[in-house]
Each structure stands twice: as structure tokens, then as C-alpha cells.
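*Asks:* I have a structure I would like to understand better, so I am pasting it below and will then ask my questions one at a time.
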Amino acid sequence: MPATKDKSNSPIGRATKRIDGPLKVTGSAIYTSDHNFPGMLYAVPVGATIANGTIAKLDTKEAEKMPGVKAVFHRANIGQLFRVAPNSDFSAFSDEDRPPFDDDIIRYYGQYVAVAVAETFEQATAAAEAVKVTYNEKKPNVETLLSADSKVHVESERGDAQKAFDDAGLKLDVTYTTPAETHNVIELHSSVAVFDDPNFTLYETTQGVVNHRNVLAQVLGVEPENVKVISKFLGSGFGGKITPWPQSAIAAAVSRKLRKPIKLVISRKMTFHAAGHRPRTQQRVRISADEKGKLTSLQHDYLNHTAILDDFKENCGECTKYLYSCANLRVTSALAKRNIGTPTSMRGPGAVPGLFATESALDELAIKLKMDPLQLRIINEPEKDEGINIPFASRHLIECYKAGADKFGWAKRDPRVGSMKRDGLTLGWGMAGASWIAERWPAEVAVELRNDGTAKVSTGTQDIGTGTYTVLAQVLADKVGLSMDKVEVVLGDSSLPPGPLSGGSMVTASLIPAVSKAAEKVIGTLLAAAVKTPGEKYFGVEQKDMTYTEGKVHKKDEPASAGISFQKVLNAGNFKFLTGKGSSSTTFTAKPKVSMHSYGAHFVEVTWQEEIARLRVNRVVTVIDAGKIINPKAGRNQIEGAVVMGIGMALFEHTHYEPSKGAPLNSNFADYIVAVNADVPALDVHFLEFENTELNEYGARGIGEIGLAGFAAATANAVYHATGVRVRNLPIKIEDLLATT
Amino acid sequence: MKLFAFTKTADVSDAVKGASSSDTAQQGAKIRFVAGGTTLLDLMKLSVETPDTLIDINRLPLDKIETTRDGGLKIGAMVRNADLANHPYVKSHFPVLSEALLSGASAQLRNMATTGGNLLQRTRCVYFRDTAFACNKREPGSGCPAIEGENRTLAVLGTSDSCIATNPSDMNVALTALEATIIIKGPLGEREVAIDDFYLLPGSTPHIENVLKPGDLITHVVVKGLPSDSKSVYLKLRDRASYEFALASAAVIVQVEGGKITRARIALGGVGTKPWRALEAEKTLSGAAANEANFRKAAEDALRNAKPQSQNKFKIELSKRCLTHALKMATS
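Protein sequence lines, in the order shown, are assigned to chains A and B. Mapping of the first sequence onto my numbering: position 437 corresponds to residue 437, and the numbering continues sequentially without gaps. To convert, take the position in the second sequence, counting from 1, and add 741; that gives my numbering.
Shown next as C-alpha cells:
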């Protein structure tokens, strides 16, 4: 039974300030590394200074004697740590499978070989530096040119792409690369572990409290019931905190050994070693078209580097199979092993580097065809998902293109390279499409109505800074018909009903049906309470004749104003609170019936000042259709943030692995260049809200990742338009643009 | 970071005396002065610098900006970068200095960083800053992996087989063009050193970066007044728009009369192992017509002896464009 509601009062779709905003701006939001406990000790890991080889000798004697030092742990004395079992449903998975200190083999630079524990952070840091490690060093392989070390996997195939390509007159065979990128979230990976035999309470920075709990239980060799993971606020994740990294198990194991609370916060430098990154990709695109621009073949063969032990696939072909209509298509993937830490998901994994390649290739093809790149995309718009031959549930990419073109003024574009000028600067205009999955994770929530007139929703998911607290408050307020100040949201605790991973832009879509069902349940219980409490207004009324409207219980045949508040019902019946639970299922199935994705388009203006080789992103219009936007304020923030990251991806970001030692050398914020405020122009973001209720009743899909998809291609396309230089290897650097002049 | 003793002083002679027993005033000094700490504390956290003793000189009475009789400046070593950059007289009479300071670091860093400290700013070479690697500047004789390795941002002028590290400062480039004098108080008294003599080329001793000896304390920087018809500009080029060290920068001070350059003073940043005075370019421009062809010719002359490494060849062209454009800006 949905709560009846006056649409105009609904908080759904209303631009809403973060309910956790005051906590954050006053510094009262407690982040992981803010947790302190009596007797707490500090742990600082020792990272390997080679990327390939073995430990010959580990000498901790000097370190152990230093002031304040309690212990130095390593493979021989940390106790057994276990491997995580293979997992296919994301309920207990870790991108880095090897437990810390598992053997004496070094496979990447910075791999933890020991951990120093002391009374203060400074003492532990000094002790970690004093641990002497000698290695049998071998030359590391951090080669950027990739070739397949694994079997080439056919991701998608239809028709005969190679034959069509061979037969085609108009074609393109080019290779694009994207570099390793490091998430560089502001909040460093932190673990505060409290062991109270037999229970662990782990304060973590995680995008999945439940997954983290399940993984750590396995690594520590204890039951999940004995592990509780807390993560109330995140200073962002961007995918880098989806699965646990070794520092978490180290902190917990040390806490178990010393029976003391342990705080372990890794350094900025260490986040470049053992905390994941987006792997380098190398993507060959072969594409052909007839003279009218209709694609006749598309081949997308991609490789990404991965760690020696872990097979992480950056799924660059994610969008290739369904984005364009093309009868002959083949998409393949393969991996190249490197002496580099384990890669992981980074905002829009697969689609983001993949769309850089395919959306750049479409631009190159349009130039060959002497056709407007927007027109080329329109010509090749598919009627169904040709990848798996099913209908689209809600595809409005053309509407995104058209709305974006209109707002940007695309019709005024002169396609000749370097032809558009303003204020002594050369303008470049480029565009690209965007897409991202629209799915649900399994989710469970509990909704309470409480005798103080408030309601609470709780679930074991987490707000990674995207606004989940606020969105859930809006959904709950809508479902129980209360104002926002009467609802409470409790997240970030693995002992709550298991909630979704904050990954894949799926939390909002996953939770809505679960909250809806839980609210329905608790309202049913409320109505039962109302008719079963002797002496009260509705005592003895048939429950089926009762209903609930905006906080009031009443008979269906009377107006809500004649009813009584749920608070009164609870107090009359002497109930502290009533609880309803609800769940929703995942949409990942082997045979989907409809193709669910979100779509968007970026239009980018760059300015190019050749005399000083200065390139800037000057203007951006982004149009996204991700269905109903529950909170346009938080939603806009997500897209704007993604575009800022896109400027970094297009022009700056690149983790350099030094060839002699395999170290990521630019491991700090001065040398790893991200966009700063001065690089970001005013951003024009629009949502087209084509509501489709496939995922949930509001028609809401995710918006965390799609804003980054396609942006780098739109920028590279604009750079070509301004300079005539086609940059196929990100980031676009000054030297690329100077080379031809 | 290892443990160290921390003392404070409000007296210049005390400070000099306190540091005079140090083994060196260069890389690896056992006694260090600390002012804003924006370089030193960073390097101590990386264990690149490991002093036993820090002498906090923040309370020394050296925080004044005075104008001299000839219209110049006498800048106390403790004057913060932000205060110097935003000083009305500096803004109006020495725009090249104000612009250089404001193009560097971030507002927070400029609030802390001092004039004396900025003169001693250390290179951003990634190998220098990482003790897991060899570095002739940090550990003499250990080698220079930058020459075969990551050198995109490193120097093309003044390099040696031992070191190609860039001097990263912006302020020092402007001060070099301004022919600043550095006043040093040492155990043997006070002395003045021209800025171009203050910095040493790396040669075979890249760990010795300047003329300072144990106990030497920079007390002031003196800049002479500029003729009223001179124009000055600082132009900085880098990957992103703000908060990044220069890939190439240029400080130019020019006087033009009847379309001809009567005098030009030029220093280049981001490309040299020290703030790079471009005397060849100055000579080319002296008496030449103020036009783009001559600016470019001067830039060619300035970079004539540039030596590129595997990744930084582009900086030579970038530096030429930077200087050409800076001259255009200063003469337009």
C-alpha cells in the first residue's frame, strides 16, 4: 500500500541540502581516522622499495629498540592470515586476493613487508623507516606498451567484422591509450581496529561495509558475526574503497596480537602502491562506414595491465556493443601482467576509458566522412540493444545530443580546424556521448515509526559523499508522509540489514523498492496496532477499512484530518517503535529482458593559445538522462564533480611508474596533477528526466559515474578541432600540441 | 622523520651563533634554520633532510619591507611571500616580483613561505625527494637516475652529468632579472652577494647549491629602483592553470624608446638548474627594434645552449615561446 501523497509536497525531485551538511561544515562528522580509544597504538607499514624479487633479510632489531615502539610485525610473527574465497556475486570480494605478508615474494613496489607499531604516529613512522630490508632484486616489468599475457576473450561478436572491415573503402585503424590513474581521494585509506576477544570492531573507509565485513572475516579466519565494520562518512571513494586493501587486515591482525586498539592511516604515497588504481588501457579500434556514414564494422580490442597475482579487467568494451547500430562487431579483451599493485574500479570503470577510444574514433571517422560528428551518431542510433538483441527500456541519447547541441550552440560550429577565434584565442568545439549501466544490487532496509513522531530508516550501505543520507531521507519522508526534519537515516554499520555496495551508481535505485516495501510493512503493523488497542478511536475497526496518509491513521471513508497521528497510536498502545523490513533484488541476471542504461552527451569548448601553447577547457555543456533525479542539488554536484575529474583525465592525470624500480614516482599532489579550481570553467549541467519504472517506482537511476563517461573524448575532439592534432594517448600534454609546430 | 632538537631565537646574532657549529649549510646540514617551513618540513618528513637541530627564526626582527632612497626595496628575510606580493609599492613599482610571487604555490603556502626561505627552495626532482633512489644532490656520488628516467620537468640549462634538477622558484627568477643583492650575516660579519653569484651550477657538486656557509643567515634582499619608463612582466607556463611549478617562465624588465629597446633584463625559470639570467638575449635586444621577430631571436639566443633530456625537449620550445610572449606583453 503506497502512502497516498500530495505530489506538490513530495520531497522527491526537490533540490535538498545535505542533511549531514551541518555536521560536515562544523567538523563534527566523525571520519574513520578521527576515532580514538584509550590505549590505542599507531601502526605504520613498511613498503618494499623494489617491484620484483624476494626479501633476503628483514632486520627489525634497531626499529624495535626505538622510543615508544611496541612491536614490529611481519610474515613470521603476524599470525596466519587467510585468502579470500572466489566470489561471483560481490558479497565477499577483494580485488587484491593475497593476504598481507603471505610470502617473501615482492610483486609490486610498495608491497607491505612489515608494520611498525608504537605509541605515537611519529614514533611508528620513524621505526618503520628504521626497518632494514635487503632484497634479491629482479628487473621489474612496468612496460607501458601492452601485449596479451592472457587468452584473448571475445566479449561480444555479431556478423563478420573483419570481412566487412577488409571490404570497406572508408575505414580507420587506430590505437588509443589511457594511463594508470590513481583515485587520490582526499580521505586517505584508514583503519582503526578494536579487538575485544573474540570480536573485531573495524572502523574503515569503505564503499561497502557488508562486503568489507565478509572479506575481513575470511582473512582473519573468524566468523562474520565476530566482525563489525563501521564507516559513517567518507572523504570520497571513487571506486578506490570498494574492496578492502591490505592495511585493513594488518590493523586488525595487529590489534588481535597486541590486544590494543590500532590506528593505521596510510600515507598519500602509499595510496599509489597498495590501494588500487585505474589500470593503463591500450585499445585498438577498427571502424568502417559506407559513404553515408552508416557503420559497416566495428572492432574494439583492448588490453589493460593488471597485477601479477590478480586478474582485474578494465572492461573498455562495456558500451561498445550497444551504443551504435552496426551489423558487424567484435569486441575482445586481454590482460597484460605487470609488477604493479592490483588495479581496481575507478569512477566509471571500463566505460570511461572505453568511451575515450570509441567516441574519439567516431570523431575521426566523421572527419574522414566530412560529416558533422553529431550527425554521424544520429545516423548510427540503434533501435534495440544489438549486443544482446533485446529492446531498450529507456534510451534517450538522441534527446541528450539535441538538447546539448541546442544549449551549446553547436549549429554555429565551423568544422575547419583552427577556424573559430575569439579574443585572440583559437576555439575548439568537440562532443561525445556518454552511457552507464542502470542496475540494482540486492538490498535490505528496516523502517521504524517511533513514539516521538519520527521515523527512521537503516541499512548497511554507506554515504560515500554522494548524498545517500539525504536521498534516503527524502525517500523515507515521501513514503511515510513526514517532513524531512522528522526522519532519521542510519547507515555505515555492517550489523544493519545488509545494504548495497556503493559501486556502479546503483545505491539509490536499489534502495527505493526496499524502503517502499519496508514502509508498507510498518504501516500495516501500525494499522493493526490502531485497531487492536482497546479504548482507542479505531478499536475493533476492520484493518482493511483503515489507511494511512501523511502521518495519520484513518478510515478509508473519512478524510485524513479526521484521523489520529501514528505517534498517538504508538503511545496509546505503549509501543516504543514499530519496525518493518523490506528488500529488493538485484537486476543482474544471465538473460535480461530489457537493456537498461543511462545516457548523456558532453559538449566541450577548449581555447588554444598557440603562441604560449596554452590549452584550457573553457566551456562545458553536459546533458544527462538518468531518469528521475531524486535530489537535483546532489545530482548536479555529482555530474559537475565528474566533469572536473574529466578535465583531469583529459589533460593531466597520469601515474608514472619509474622503469628502473617500478615505483609510481609522482605519488603526491604536487606531481600527480589533477584539475584545480582555476582549470574548471562554469559548468552547464542539464538533466532530462525520462522516467522509466523498470528499476523502481520513481524511475530513478544512478548518476555517480556517467558524468565522467565520454568527457575525455569530447575534450580530445575539441582539441583536434582547435589544433589539428589528434591525441590518442591520454593525457593531452603540452608536448603533444607543440610537436607539430 | 627522525627526532630533532627545536630552539627559538629572536636575535640575529644568536641565530648565527647557534648555526655556526653546523657541518655544512648545504644538503644534509645538521643544524637548520626554519622559517615558514614549507620546504624544509616537507623534506624532513621524506627523510631527505635529517637535521639534529632546528632553530626557529620566525621571531627575528626581519619582517619589514622598506623602500630605499633610489626607489628600490630592502626586503627582510622573514617577509612572507603573500605580504611581499601584495605590498602596494611592490605591486606598482615591481610588478614582475609581485606577479612571480602570486604565480607560485597556493595562498596558504604564500602566507607561510618567507623571502629568505624561498631563495633556498629546493628542487622538485622526484629522485631527490625519494630516498629509495640514488641522487647526487642528496647523496654525493650515488648517481643520477633522472638523466635516464623521469625528467619531463627537469632542467635544460646549466645541467651537468651529475645533476639536471630544476630550481623551482618563481620569486628568484624575478629577483634575478631585478639583479637583487642578498645580504648575509655570518660568523665573520655581514656580506653582500649578487643573486647570480649566490646560486652555484651543479657541476660535479650538485649538493652545494649556493654560497652559504655554516652560520650564514640571509637577513635581507635588496633590489635597486627601476627607471620610471621600464615595464616588467612575469609569465609562467605550466600544465594546469594554478598551483604547479613552472615548465617554463620568464621575468622581463624592458625599457623602450622610439620603438627600440634601450635595455632589457631577462631571467628564465623552470628550465635552469638555477634561476637563469639570459644575458645573450639581453644583448640581442639591446638597441633592437621592439618587434616579435627580435623577441623570438632573443629567445633563440637564450636557449641556444639548452641540452634536452629524453622527456623534456619540448621545454626548449616552450621556454622560447614564453620569453617571446613575455617580451610582447612588456612592450605592448
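C-beta atoms are modelled at their ideal positions from N, C-alpha and C, and glycine is treated no differently. As the structure is a computational prediction, the values presented were derived from the model and not from experiment.
Taking the alpha-carbon positions, what's the I673/A to N666/A distance?
*Replies:* Near 9 Å, if we compare the C-alpha coordinates of N666/A and I673/A.
*Asks:* Take the Cβ of F669/A as the centre, count every other Cβ of all protein chains shown within 10 Å, and call the residue buried at 16 or more, exposed below.
*Replies:* exposed
*Asks:* Which partner residues does A1005/B have in the DSSP bridge list?
*Replies:* Bridge partners of A1005/B: V995/B.
*Asks:* Can the beta-carbon of F687/A be found less than 8 Å from the beta-carbon of P632/A?
*Replies:* When the beta-carbon positions are compared, F687/A and P632/A come within less than 8 Å of each other.
*Asks:* Would you kindly check if the distance between the Cβ of I959/B and the Cβ of A818/B is under 8 Å?
*Replies:* yes
*Asks:* Could you list which residues in chain A have their beta carbon closer than 9 Å to that of M742/B, in chain order?
*Replies:* E122, T125, A126, E129
*Asks:* What does L978/B reach in chain A if we use C-beta pairs closer than 9 Å?
*Replies:* I612, A613, R614, I734
*Asks:* Is I925/B helix, strand or coil by DSSP?
*Replies:* strand
*Asks:* Counting only Cβ-Cβ distances shorter than 8 Å, please list the residues of the stretch 1016-1039 of chain B near chain A, keeping chain order.
*Replies:* Hits within the stretch: zero.
*Asks:* Listing by chain order, which chain A residues have their CB less than 7 Å from the CB of P886/B?
*Replies:* S660
*Asks:* Going along the chain, which residues of the stretch 48-59 of chain A sit with their C-beta nearer than 7 Å to a C-beta in chain B?
*Replies:* T49
*Asks:* Check Q218/A in the structure and name its three-state DSSP category.
*Replies:* helix
*Asks:* Relative to the C-alpha of L976/B, which residue among K832/B, A915/B, K1015/B is closest?
*Replies:* A915/B
*Asks:* How should P198/A be labelled, buried or exposed, when 16 other C-beta atoms within 10 angstroms of its C-beta is the threshold for buried?
*Replies:* exposed
*Asks:* Assign E1023/B to one of three DSSP states: helix, strand, or coil.
*Replies:* helix
*Asks:* Figure out for me which residue from G1013/B, G1010/B, K1001/B, K1015/B has the closest Cα to the Cα of T1025/B.
*Replies:* K1001/B
*Asks:* With 16 other CB atoms within 10 Å as the buried threshold, where does H828/B fall?
*Replies:* Counting C-beta atoms within 10 angstroms of its own C-beta, H828/B has 16 or more neighbours from the protein chains shown and is therefore classed as buried.
*Asks:* Assuming R701/A contacts A455/A under a Cβ cut-off of 8 Å, what Cβ separation, rounded to an integer in Å, is found between them?
*Replies:* 25 Å between Cβ atoms; not a contact.
*Asks:* Closest to D423/A by CA distance: which of T607/A, A180/A, P681/A is it?
*Replies:* Out of T607/A, A180/A, P681/A, the CA that lies nearest to the CA of D423/A is found in T607/A.
*Asks:* Note down, in chain order, each residue of its chain lying with its Cβ closer than 6 Å to the Cβ of I924/B, except the 5 sequence neighbours on either side.
*Replies:* Result list for I924/B: E933, T960, H961, in chain order.
*Asks:* By a C-beta neighbour count over all protein chains shown, 10 Å radius and 16 as the cutoff for buried, is M597/A buried or exposed?
*Replies:* Before going further, note that residue 597/A is His rather than Met in the sequence given. The residue is buried, with at least 16 neighbouring Cβ atoms inside 10 Å.
*Asks:* Just curious, the alpha helix (DSSP H) that A43/A is in, first and last residue?
*Replies:* Premise fails: A43/A lies in the beta strand (DSSP E), 41-47, not in any alpha helix (DSSP H).
*Asks:* Going by DSSP, what residue range makes up the alpha helix (DSSP H) through V643/A?
*Replies:* 632-651
*Asks:* Could you check what DSSP says for G354/A in three-state terms: helix, strand or coil?
*Replies:* helix
*Asks:* From the DSSP output, in three-state form, read off P498/A for me.
*Replies:* strand
*Asks:* Going by the DSSP bridge assignment, what does N951/B pair with across the sheet?
*Replies:* Paired residue(s): Y940/B.
*Asks:* When Cβ atoms are compared, which residues of the stretch 672-694 of chain A fall closer than 7 Å to chain B?
*Replies:* The residues in question are I673, A675, V676, A678, D679.
*Asks:* Taking only beta carbons into account, state which residues of the stretch 638-656 of chain A come closer than 8 Å to chain B, listed in chain order.
*Replies:* L651, F652, H656
*Asks:* Nearest CA to the CA of N913/B: which residue from H834/B, N1035/B, Q862/B?
*Replies:* Q862/B
*Asks:* At what residues does the beta strand (DSSP E) containing I959/B begin and finish?
*Replies:* 958-964
*Asks:* For the alpha helix (DSSP H) that contains D478/A, what are its first and last residues?
*Replies:* 468-480
*Asks:* If you draw a straight line from the alpha carbon of V757/B to that of I806/B, how long is it in whole angstroms?
*Replies:* 22 Å
*Asks:* Do K926/B and V753/B have their beta-carbon atoms positioned less than 8 Å apart in this structure?
*Replies:* yes
*Asks:* Could you give the C-beta distance for S288/A and A168/A, rounded to a whole number, given that I count them as a contact under 8 Å?
*Replies:* 3 Å
*Asks:* Report all residues from its chain with a CB closer than 8 Å to the CB of A751/B; omit the five preceding and five following residues, and keep chain order.
*Replies:* The residues are R800, L801, P802.
*Asks:* Which same chain residues, not among the five before or five after Y830/B, have their C-beta less than 8 Å away from its C-beta?
*Replies:* I806, T808, L814
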